[in-house]
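Numbering (the working numbering), first residue to last: 144 to 421.
Since the structure comes first, as structure tokens, the remarks are kept for the end.
Structure representation (structure tokens):
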């Protein structure tokens, strides 16, 4: 798996697995030196992409350093400043999206189903926040769903560690068995959350369970005072993009050839929703 570490007070993820550097959380005091350090790291390791999530106020600086904006999340930071996802491609081949036509069709299809939502959970199923007692079967669900994943969610110890940090997991259960999962990764400093790690066992798909998880997550995050939600969804998945469109999320852009998931590097779509405005 890729490594998560600090440069200054900022947090990055990097490694051969995703063949990239991801600036996950920026301390503005680390600019602009962190850009030099990431360039040096990418050169040393031979990575083909660097992507960053930073305040809009840094867009000009990154543009001057050969980054371009792939997506924008409205009002992510305090004082309603947008977050921009700025990427630098160090190998031209990685910047080419050979599946762009298919990905555009998926967005068109998803937006055509906007807010077509069934609010009733199927009979015999329940939904709740997951706890420490669930981590073993959660890991089994993730391992059964994804051949590869950018984070080690198939490891119970990793799930337990993230639960103790800033991640809240949710599950759909049938007869006490976890059949679908998701997580809310909370950015407490900015009152924002990433809705992620959706997985449904193959035999339980087609029941709208991910939509029910997303609605439950939204309710719980609103109760915690979270203002903004976003996701990084597989661009090639009709199902997950439709889920976010149905639940009222807005499409914000695409990260080309960005993430190793289910065995290969895939492009990812960004969706956003303002949870509460007060």
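Where a beta carbon is used, it is the ideal one built from N, C-alpha and C, also for glycine.
Model, not experiment: these values are computed from the prediction.
_My output table needs one value for residue 373: the three-state DSSP class, helix, strand or coil._
Here residue 373 sits in strand by DSSP.
_Beta-carbon spacing of residue 280, residue 321 below 7 Å_ = Yes, the Cβ-Cβ distance between residue 280 and residue 321 is below 7 Å.
*Between residue 388 and residue 216, what straight-line distance do the alpha-carbon atoms span, to the nearest angstrom?*
When rounded, the distance between both Cα atoms is 15 Å.
*What residues in its chain sit with their C-beta under 6 Å from that of residue 334, if we drop five residues either side in the sequence?*
Excluding sequence neighbours, residue 334 sits near 369, 370.
*Hey, how far is the Cα of residue 342 from the Cα of residue 278?*
Straight-line spacing of the CA atoms in residue 342 and residue 278 works out to 14 Å.
_Close-in-space but distant-in-sequence residues of the same chain around residue 354 (CB under 8 Å, 5 per side omitted)_ = Within the same chain, residue 354 has close Cβ partners 260, 261, 386, 389, 390.
*Spatial neighbours of residue 184 within its chain, please: CB distance less than 7 Å, with the 5 preceding and 5 following residues excluded, ordered by chain position.*
Excluding positions up to five away in sequence, the list reads 157, 164.
_Does residue 422 come out as helix, strand or coil in the three-state DSSP assignment?_
This structure cannot settle anything about residue 422, because the visible part of the chain is limited to 144 through 421.
_Reduced DSSP secondary structure (H/G/I, E/B, other) of residue 198_ = In the structure shown, residue 198 sits in a strand (DSSP, three-state: E or B).
*asked:* Within the continuous alpha helix (DSSP H) that includes residue 248, where are the two ends?
replied: Residue 248 -> alpha helix (DSSP H) spans 243-255.
*Can at least three beta-carbon pairs, one atom from the segment 311-327 and one from the segment 192-212, be found at a separation below 8 Å?*
Judged by Cβ distances under 8 Å, the segment 311-327 makes no contact with the segment 192-212, as fewer than three pairs qualify.
*Proximity below 7 Å, CB of residue 400 to CB of residue 378*: Result no, Cβ atoms of residue 400 and residue 378 do not sit closer than 7 Å.
*Looking at the unbroken beta strand (DSSP E) that takes in residue 166, where does it start and where does it end?*
Bounds of the beta strand (DSSP E) holding residue 166 are 163-168.
*According to DSSP, what are the bridge partners of residue 325?*
Beta-bridge partners assigned by DSSP to residue 325: 313.
_Checking 7 Å against the spacing of the C-beta atoms, do residue 214 and residue 396 come in under that value?_
Going by C-beta atoms, residue 214 is nearer than 7 Å to residue 396.
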